[in-house]
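Colleague:
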Amino acid sequence: MNQFSDFNISASLKQQLANAKFITPTPVQAGAIPPALEGRDILATAQTGTGKTLSFLIPLIEKMGSGTRAEVRTRGAFGLILLPTRELAMQVQEHYRKLTGNQGSAALVVGGMAEGPQLQQIRRGAQLIVATPGRLEDFLSRKLVNLSGIKMLVLDEVDRMLDMGFKPAIKRIVAALPAERQTLCYSATLSPQIKEVIRDYVKNPARIEIGSVLKPAENVELQTFEVATDKKHELLEHLLDSSKGSFLVFVRTKHGADRVARRLARSGHSATQIHGDRSQSQRNAALRSFSQGHHRVLVATDVAARGIDVADVAHVVNYDMPREAEDFVHRIGRTGRASARGIASTFAAPEEKGTLRKMERVLSINMKRFRVKSNPSGHLQSAQSA
Ligand code: AMP
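So for the sequence shown, our numbering puts the first residue at 56; every next one is plus one.
Next comes the structure, spelled out in structure tokens:
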């Protein structure tokens, strides 16, 4: 199974994959798609950036078949994808659109957006529901959605959904589904607690494990810069001036993100930002603009960046040190995707050296060290390999 064309899927799906330039399956796709096509449940440990989305969408689309709107309205949706955030939901929907050539009907049921259009999508007859658990549970309790026709359930990023407190909502939603169904489960990590929850949802699953779960991708060059806090901005501009390509810059706080983006804009860099204080439409606009290359730099906080899929980021910068090793892996998972090479630079103030070393130990990585040199007037002069 070296190519999608070798898979046991319809000619039209093969064609859509080829049109979207998806030729060679990634490991999680090669591992999950064949057993899922045979009807088996799946339990996969795979993080963002591994191609997990297509690994569940391909079997789902293949098995969904077609149907007129009227038929779909009568029998209800075929597939349900539960995931933690609306950004992720929108990316899944985007991939779904691509693979169905805009023919598929999907309803997005996510919090933080108006209910009306979502209900309308359901009423018009949607074969697929892509939902965050909170909003779907709400619709369910108000009897606004019928899940009795669901034949395939995908639980995406289970670990995050549990972190966000969605366990009871997921439980109530799954209880409303037919017991006779196929379940595909994805998680970046599999702690005993997560296993315990998942055990109730999958039957004899095919187990797919993609690499060490807490490890940055091999094709990302890891660098760290020892830099005083008040020199971080200069260093960022130095990296922007001395390298090519797009930059995703992680900053710890909303204010910090605003400040960095504003300073960059003032010195002529094209930068935009996403964080918790920006509205959904502002975030969407920023993401779109960055993905399409209108802005070279996207400044983000961890929460706002959860699950976003920005393809081909050349350079991820940890302007502020991530709090957890897991955040580090999620952040830099945005570069070096699906075989492109990427660079991840981490800025470490002197007082953060201990955290840096701990992060390296936990992740068993060694970052290449750079030292920042200033000229006599105190301006950044160079960043040299230490
Ligand atoms: P995911 O892990 O599902 O978020 O996917 C990460 C990125 O890889 C997305 O931008 C996908 O469009 C891309 N991708 C997924 N599968 C493939 C593939 N087989 N070939 C090339 N790119 C892919």
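No residue lacks a Cβ here, since even glycine has one placed at the ideal position from N, Cα and C.
Run through the DSSP bridge pairs and tell me what Phe302 is partnered with.
Modeller: Val352 and His370
Colleague: Restricting to Cα atoms, I'd like to know which of Gly311, Val352, Pro172 and Ile225 is closest to Leu199.
Modeller: For the residues Gly311, Val352, Pro172 and Ile225, the minimum Cα distance to Leu199 belongs to Pro172.
Colleague: Where does Ile265 fall in DSSP's three states?
Modeller: coil
Colleague: Ignore the nearest five residues each way along the sequence and tell me which others in Lys299's own chain have a CB closer than 8 angstroms to its CB.
Modeller: Excluding positions up to five away in sequence, the list reads Ala369.
Colleague: Can you give me the C-alpha to C-alpha distance between His150 and Val185, rounded to a whole angstrom?
Modeller: 12 angstroms
Colleague: Whole angstroms is fine: what's the gap from Lys287's alpha carbon to Gln278's?
Modeller: 15 angstroms
Colleague: Would you kindly work out how many angstroms separate the C-alpha atoms of Val268 and Ala91, rounded to a whole number?
Modeller: Low confidence applies to Val268: its pLDDT is 48, below 50, so where it sits in the model is not reliable, and the reading given next is rough at best. So the two alpha carbons sit approximately 22 angstroms from each other.
Colleague: Taking 7 angstroms as the cut-off, does the CB of Pro82 come closer than this to any heavy atom belonging to ligand 1?
Modeller: no
Colleague: Go to Arg130, then tell me how far its beta strand (DSSP E) extends in each direction, as first and last residue.
Modeller: It is not in any beta strand (DSSP E) - Arg130 instead sits in the alpha helix (DSSP H) that spans Arg124 to Arg130.
Colleague: Which term fits Gln84, buried or exposed, when burial requires 16 or more other beta carbons within 10 angstroms of its beta carbon?
Modeller: buried
Colleague: What residues match up with Phe402 in a beta bridge as DSSP calls it?
Modeller: Phe280
Colleague: Could you check if Phe77 belongs to the surroundings of ligand 1, using beta carbon to heavy atom distance under 7 angstroms?
Modeller: Yes, the beta carbon of Phe77 sits closer than 7 angstroms to at least one heavy atom of ligand 1.
Colleague: Please confirm if the region 178-194 is in contact with the region 127-136, defined as three or more CB-CB distances below 8 angstroms between the two stretches.
Modeller: yes
Colleague: Could you check if Lys258 belongs to the surroundings of ligand 1, using beta carbon to heavy atom distance under 7 angstroms?
Modeller: no
Colleague: Would you say Thr3 touches ligand 1, meaning its beta carbon is less than 7 angstroms from a heavy atom?
Modeller: This structure leaves residue 3 out entirely; the chain is present only between 56 and 441.
Colleague: Evaluate Thr129 with the Cβ neighbour count: other Cβ atoms within 10 Å of its Cβ, from every protein chain shown; 16 or more gives buried, anything less gives exposed.
Modeller: Exposed: under 16 other Cβ atoms inside 10 Å.
Colleague: Tell me which residue opens and which closes the alpha helix (DSSP H) that Met145 is part of.
Modeller: Arg141 to Thr155
Colleague: For Val306, which residues of its own chain have a beta-carbon under 7 angstroms away from its beta-carbon, when the five flanking residues on both sides are left out?
Modeller: Ala312, Val315, Val354, Thr356, Tyr374 and Asp375
Colleague: Does any heavy atom of ligand 1 sit closer than 7 angstroms to the C-beta of Lys69?
Modeller: no
Colleague: Give the secondary structure of Phe111 by DSSP, where H, G and I count as helix, E and B as strand, and everything else as coil.
Modeller: Here Phe111 carries a helix assignment [DSSP, helix/strand/coil].
Colleague: Which whole-angstrom value is the C-beta distance of Glu292 and Ser322, which I expect to be below 8 angstroms?
Modeller: 6 angstroms
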